[in-house]
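FYI, the numbering for the sequence shown is 1 to 392, going by the UniProt record's numbering.
The beta carbon of each residue, even a glycine, is placed where N, CA and C say it ideally should be.
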Amino acid sequence: MKKVEKSLILVCGLSLLLMSEVKQGYAMTDAEIDKRLGVIQALEAKAAKEQQDSEKMKKEVANRKAQEAGNLQELRSQIEAQGAKLNEILKQIQTTEDNVKQTNSELQEAEHRVETRDQLLKSRVRLMYTNGFVSYMEVLFESTSFSDFLDRYHALRSIVNQDKEILQSNKRDRESVAQKKTEVEAQLAQVQVQYAESEQIKNALVTKEKDKEVLIASLAKQEEQFEELSEEQEAALKKLAAEKSKLWAEKNKNKQTAVYSGGKFSWPLPGRTTISSGFIHRINPVTKKSENHKGIDIPAPAGTEIHAAAPGTVIIAQWVSGYGNTIVIDHGSGLQTWYGHARGLAAKEGDQVKTGDVVSYVGSTGQSTGNHLHFEVRKNGDPVDPIPYVTK
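As structure tokens, then:
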């Protein structure tokens, strides 16, 4: 970027120097004029190469910015999906925490039941201790009859079964609630891990999103810089073209050369009279920026012959930023015609052309969305509406 800017400053400086010398009215020889034209031609060639490079880099930056914008949108979709997943996991955590609370409540109830049963067993032990230990056999042997024996047997059996059931119930309560608590706490730990992992993924995506935003902003800045550079390049070439026009006028002053003598210019694309974009304020179809369209666009198939609108001298026959392959004809009297976006050139710098001569072929080079001729008329270096100058 800096290298190109420095060369543009050099172009402008040399151009102004040459122009100042011509303005002083110094009568230059043809050899001196040719030498100066050679210098300008070399500067134009260098500027044209830099234009092509900058246009290529600008296009690469624009393509990458579009690609990164797509990536950014994809990241935002992933972040949104991850956020929804986190919300779902939060609901699971809340549900599991409620289950933990419920299990703790059930555990307390079970411990209360165990405590109650333990108290029953303890009271029975205290009663036996107070009244003295009597074995089950003694109770049975003290029976007064067989019927009494059976009653005592069933009573003792009932007590034994009840004690056994108390112990088993205590064991079941403890084991059941403890197992459930373990399971619920494991579920809670699992969803908490899932939440942490999902949150980590989301944070990583958000970091990437911020990085993409910074990158896209940087690419947009580069686009602006390339756009400014293209404008500087165009201004530099405009100065060089003006100088060349003066030099050719000086060289042709005493020669019989074809120059514009007034009247209508001929239509540069015979038989192709449709104008797809006029000399208007519009949105550039490539850059999407608001601009003043400097000429008219005439659509035609690729390779269609483009003809000189009037006699004059070809002063530019090369790539021009935005215009692609371009022919510029100086017609004298401060008038120039520009023929942009050509697929190929049929004339070279310095050629003397007549009205109707083929100078280039329709294409879609430079800032173009389809095959057409961009035709301009410039008066004293400024674009003017071509329609009043041409006849179809």
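Going by the CB atoms, is the gap between residue j and residue i shorter than 9 Å?
| i | j | result |
| --- | --- | --- |
| residue 237 | residue 31 | no |
| residue 305 | residue 361 | yes |
| residue 387 | residue 247 | no |
| residue 331 | residue 311 | yes |
| residue 320 | residue 359 | no |
| residue 266 | residue 299 | no |
| residue 83 | residue 241 | no |
| residue 75 | residue 209 | yes |
| residue 303 | residue 368 | no |
| residue 296 | residue 278 | yes |
| residue 227 | residue 58 | yes |
Looking only at C-alpha atoms, which of the options sits nearest to residue i?
| i | options | result |
| --- | --- | --- |
| residue 183 | 313, 221 and 99 | 99 |
| residue 245 | 299, 200, 316 and 207 | 316 |
| residue 169 | 193, 110 and 206 | 110 |
| residue 38 | 355, 383 and 350 | 350 |
| residue 69 | 190, 215, 96 and 339 | 215 |
| residue 218 | 49, 50, 61 and 35 | 61 |
| residue 347 | 329, 341, 335 and 334 | 329 |
| residue 190 | 295, 279, 95 and 384 | 95 |
| residue 199 | 113, 229 and 86 | 86 |
| residue 230 | 201, 49 and 64 | 49 |
| residue 294 | 288, 286, 280 and 287 | 280 |
| residue 73 | 375, 206 and 268 | 206 |
| residue 268 | 104, 77 and 372 | 372 |
| residue 343 | 108, 365 and 384 | 365 |
| residue 334 | 89, 195, 352 and 379 | 379 |
| residue 92 | 370, 389, 186 and 356 | 186 |
| residue 271 | 166, 193, 43 and 356 | 356 |
| residue 105 | 235, 177 and 340 | 177 |
| residue 339 | 345, 197 and 374 | 374 |
| residue 370 | 286, 383 and 352 | 286 |
| residue 112 | 282, 165 and 173 | 173 |
| residue 107 | 383, 123 and 175 | 175 |
| residue 193 | 239, 90 and 363 | 90 |
| residue 33 | 167, 123 and 249 | 249 |
| residue 167 | 115, 341 and 389 | 115 |
List the whole-angstrom C-beta distance separating residue i from residue j, where the pair is believed to meet the contact cut-off of C-beta under 8 Å.
| i | j | result |
| --- | --- | --- |
| residue 264 | residue 391 | 4 Å |
| residue 377 | residue 337 | 6 Å |
| residue 354 | residue 308 | 7 Å |
| residue 63 | residue 212 | That belief does not hold up - the Cβ atoms of residue 63 and residue 212 are roughly 16 Å apart, past 8 Å. |
| residue 221 | residue 79 | Rounded, the Cβ-Cβ distance is 25 Å, inconsistent with contact. |
| residue 188 | residue 97 | 6 Å |
| residue 171 | residue 103 | Their Cβ separation, rounded to whole angstroms, is 18 Å, which puts residue 171 and residue 103 out of contact at 8 Å. |
| residue 55 | residue 318 | About 13 Å separates the two Cβ atoms, so there is no contact after all. |
| residue 67 | residue 233 | That belief does not hold up - the Cβ atoms of residue 67 and residue 233 are roughly 26 Å apart, past 8 Å. |
Determine the extent of the beta strand (DSSP E) in which residue i is found, giving its start and end residues.
| i | result |
| --- | --- |
| residue 354 | No beta strand (DSSP E) holds residue 354; DSSP gives it neither H nor E. |
| residue 288 | Per DSSP, residue 288 belongs to no beta strand (DSSP E) and is neither H nor E. |
| residue 378 | 372–379 |
| residue 268 | Run containing residue 268: none; DSSP gives neither H nor E here. |
| residue 326 | 324–332 |
| residue 315 | 312–320 |
| residue 297 | 296–299 |
| residue 306 | 305–307 |
| residue 367 | It is not in any beta strand (DSSP E) - residue 367 carries neither H nor E in the DSSP assignment. |
| residue 337 | 335–342 |
| residue 383 | 382–384 |
How about residue i: is its C-beta nearer than 9 Å to some C-beta of chain D?
| i | result |
| --- | --- |
| residue 240 | Given the protein chain composition of this structure (a single chain), no chain D is represented. |
Going by the C-beta, is residue i closer than 8 Å to any heavy atom of the ligand GTP?
| i | result |
| --- | --- |
| residue 268 | Looking for the ligand GTP in the displayed structure turns up nothing, as the structure carries no ligands at all. |
Inset, instruction - Within the stretch 176–230, note down every full beta strand (DSSP E) run reaching 3 residues or more, in order along the chain. - result: none
Legend entry - 3-residue-minimum beta strand (DSSP E) runs that sit fully inside the stretch 57–132, ordered along the chain: none
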